[in-house]
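Student: Residue numbers (the numbering used here): 30 to 409.
Shown next, in the form of structure tokens:
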């Protein structure tokens, strides 16, 4: 086995498929502005996913093979980063089956073929490992769970190795601080894998195991009642996930209790509690709770969810115009998530007299805001 992994098989053009052509509606253009046409990060950021995927493919297959064979770790990392962009762009284009076909060439990213022989260190970025679990598993949640468990073993191994180094007495202060930061990073990765695994368990309809996993993670963080302040943010994530899961099975009482445990993030806590009121068809309480939440940061996802749910309460209380106003104000503030646009489109359709014209007006308004492309146009 060579010292540095040989990944030349990943720069073969046969790894990739030709992508379907699509034509976005006016006033949006199929082609990106000239100033970003060759900028991979800008193409992805501005939602020109097909162009980002095509450029990533071109840069991959143009990688100098001989230089790659010399074990240039920087070039190896670059190839994997390009694969990450390619796979992510395909997912954003709703081409998951195509992404899965291409991901077959990646094979098992945890295998020895992708490790440095002398150290056992993986040359594959963690971000790609995580993405590959979802892509390669496809709709098979059981396969995804198995892959997450493999990733967890990998993370534990890395964390154990770092902790062994930290027990070395002759470390200087800089080295110790670096290792401590790496230990925190791997510890966070390991914890987050627990959240991802619970999602996969829900996908297999094994709600009981998902609840048990999340509750055990919460208990581990609480450390028999003595909570480390560093654990509080993650405990909030777990509590929120538990609240959502109990909501999914219709237990709003347990859901409320878990949402109340989201102590550090008041916005997230109140959002969860308001959703419980919506599930109980208690529209007045839901509206009151949502209106108390600070949504000044309209660019983030949580305030968007708050406004979306507020629009839902307005609809069920028979105030369609109010719901439309709430969602339109969000788009004017730059919030253009697929869910928001889909909900707004549905409300326009309910107003048959303005539906088609309103959608066209919305597209032109978004374009005038400087938005160059949308993630999807299937709401039209």
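Glycine residues also receive a C-beta, built at the ideal position from the N, C-alpha and C atoms.
This one's a predicted model, so the numbers in the text were calculated from it and none came from an experiment.
Please go through the same chain and pick out, in chain order, the residues whose beta-carbon is closer than 7 Å to the beta-carbon of residue 285, but skip the five residues on each side of it.
Tutor: The count along the chain shown starts at 1 and reaches residue 285 at position 256. Excluding sequence neighbours, residue 285 sits near 302, 305.
Student: Grab the span of the alpha helix (DSSP H) containing residue 60 for me, first residue to last.
Tutor: In the chain shown, the residue the question calls residue 60 occupies position 31. First-last for residue 60: undefined, no H or E at that position.
Student: Buried or exposed: where does residue 315 fall if 16 or more other Cβ atoms within 10 Å of its Cβ makes it buried?
Tutor: Along the chain shown, one-based indexing puts residue 315 at 286. Classification of residue 315: buried, given that the 10 Å Cβ count is 16 or more.
Student: What alpha helix (DSSP H) runs, 4 residues minimum, are completely inside the region 270-295?
Tutor: 281-289
Student: Per DSSP, what are the beta-bridge partners of residue 86 in this structure?
Tutor: For the purposes of this step, residue 86 is identified with residue 57 of the chain shown, where counting begins at 1. Answer is none; residue 86 lacks a bridge partner.
Student: Would residue 111 pass as a contact of residue 85 if the rule is Cβ separation under 8 Å?
Tutor: As a first step, residue 111 must be located in the chain shown, where it is residue number 82. As a first step, residue 85 must be located in the chain shown, where it is residue number 56. The answer is yes: Cβ separation under 8 Å.
Student: How many angstroms separate the CA atom of residue 247 from the CA atom of residue 274?
Tutor: As a first step, residue 247 is located in the chain shown; it is residue number 218 there, counting from the start. As a first step, residue 274 is located in the chain shown; it is residue number 245 there, counting from the start. Here the alpha carbon of residue 247 sits roughly 14 Å from the alpha carbon of residue 274.
Student: If you run the structure through DSSP and keep just helix, strand and coil, what is residue 147?
Tutor: Counted from its first residue, the chain shown places residue 147 at position 118. Correct three-state label for residue 147: coil.
Student: Return the CA-CA distance between residue 149 and residue 37, expressed in angstroms with no decimal places.
Tutor: On the chain shown, residue 149 is found 120 positions in, with the first residue counted as 1. On the chain shown, residue 37 is found 8 positions in, with the first residue counted as 1. About 20 Å.
Student: Would residue 147 be called buried (16 or more neighbouring beta carbons within 10 Å of its own) or exposed?
Tutor: Within the chain shown, the letter at position 118 stands for residue 147. Its Cβ having fewer than 16 others within 10 Å, residue 147 is exposed.
Student: Establish whether the CB of residue 280 and some CB of chain D are separated by less than 8 Å.
Tutor: Here there is only one protein chain, and chain D is not present.
Student: Helix, strand or coil, according to DSSP, for residue 38 in the structure here?
Tutor: On the chain shown, position 9 is the one that residue 38 refers to. Three-state DSSP puts residue 38 in a helix.
Student: Note down the Cα distance separating residue 125 from residue 173, rounded to an integer number of angstroms.
Tutor: Taking the chain shown and counting its residues from 1, one reaches residue 125 at position 96. Taking the chain shown and counting its residues from 1, one reaches residue 173 at position 144. Rounded to the nearest angstrom, the two C-alpha atoms are 15 Å apart.
Student: With burial defined as no fewer than 16 other Cβ atoms inside 10 Å of the residue's Cβ, what is the status of residue 51: buried or exposed?
Tutor: By one-based count along the chain shown, residue 51 stands at place 22. Exposed, because fewer than 16 other Cβ atoms sit within 10 Å of the Cβ of residue 51.
Student: Looking only at its chain, what residues have a beta carbon closer than 8 Å to the beta carbon of residue 321, apart from the 5 residues adjacent to it on each side?
Tutor: Here the question's residue 321 lines up with position 292 in the chain shown. The beta carbon of residue 321 sits closer than 8 Å to those of 299, all from its chain and outside the five residues before and after it, given in chain order.
Student: Could you tell me whether the Cβ atoms of residue 369 and residue 342 are closer together than 8 Å?
Tutor: Here residue 369 corresponds to residue number 340 of the chain shown, with the count starting at 1. Here residue 342 corresponds to residue number 313 of the chain shown, with the count starting at 1. Contact: no.
Student: In this structure, does DSSP put residue 26 in helix, strand or coil?
Tutor: Here the chain comprises residues numbered 30 to 409, so residue 26 is not present and cannot be evaluated.
Student: Give the secondary structure of residue 122 by DSSP, where H, G and I count as helix, E and B as strand, and everything else as coil.
Tutor: Within the chain shown, numbered from 1, the residue matching residue 122 stands at position 93. Note: residue 122 maps to coil in three-state DSSP.
Student: For a test of the three-state rule: what should DSSP assign to residue 110, helix, strand or coil?
Tutor: For the purposes of this step, residue 110 is identified with residue 81 of the chain shown, where counting begins at 1. Residue 110 falls in the helix class under three-state DSSP.
Student: For residue 96, which three-state DSSP category applies?
Tutor: Locating residue 96 in the chain shown gives position 67, where the first residue counts as 1. Here residue 96 sits in helix by DSSP.
Student: If I measure Cβ to Cβ from residue 160 and keep anything under 7 Å in the same chain, skipping five residues before and after, which residues do I get?
Tutor: Counting from one through the chain shown, the residue named residue 160 turns up at place 131. Within the same chain, residue 160 has close Cβ partners 113, 116, 117.
Student: Using DSSP with H/G/I as helix, E/B as strand and the rest coil, what is residue 263?
Tutor: Working through the chain shown from its first residue, we reach residue 263 at position 234. In the structure shown, the three-state DSSP call for residue 263 is helix.
Student: Who are the Cβ neighbours of residue 219 in its own chain at under 7 Å, not counting the five residues just before and after it?
Tutor: For the purposes of this step, residue 219 is taken as the residue at position 190 of the chain shown. Correct list, in chain order: 181, 184, 185, 188.
Student: Among 364, 348, 307, whose alpha-carbon lies nearest the alpha-carbon of residue 332?
Tutor: The residue given as residue 332 occupies position 303 in the chain shown. Checking every option, the nearest Cα to that of residue 332 belongs to 364.
Student: Could you work out which residue in 313, 98, 72 is closest to residue 401 when comparing CA atoms only?
Tutor: Residue numbering aside, residue 401 sits at position 372 when the chain shown is read from its first letter. The shortest C-alpha separation from residue 401 is found at 72.
Student: Taking 7 Å as the limit between beta carbons, can you name the residues of its chain near residue 276, skipping five residues before and five after?
Tutor: Counting from one through the chain shown, the residue named residue 276 turns up at place 247. Here the set comprises 284, 304, 305, 308.
Student: Which complete alpha helix (DSSP H) runs does the region 314-381 hold, if anything under 4 residues is left out?
Tutor: 330-345, 349-361, 367-379
Student: Taking just the CA atoms, how far does residue 227 sit from residue 171?
Tutor: Position 142 of the chain shown holds residue 171. Position 198 of the chain shown holds residue 227. Between residue 171 and residue 227, the C-alpha separation is close to 11 Å.
Student: Return the Cβ separation of residue 34 and residue 152 in integer angstroms, given the expectation that the two are a contact with Cβ distance under 8 Å.
Tutor: The residue you call residue 34 lines up with position 5 of the chain shown. The residue you call residue 152 lines up with position 123 of the chain shown. The pair is a contact, with the Cβ atoms about 6 Å apart (cut-off 8 Å).
Student: Please determine, among 296, 129, 158, the residue with the shortest C-alpha to C-alpha distance to residue 140.
Tutor: Numbered from its first residue, the chain shown carries residue 140 at position 111. The candidate whose alpha carbon is nearest that of residue 140 is 158.
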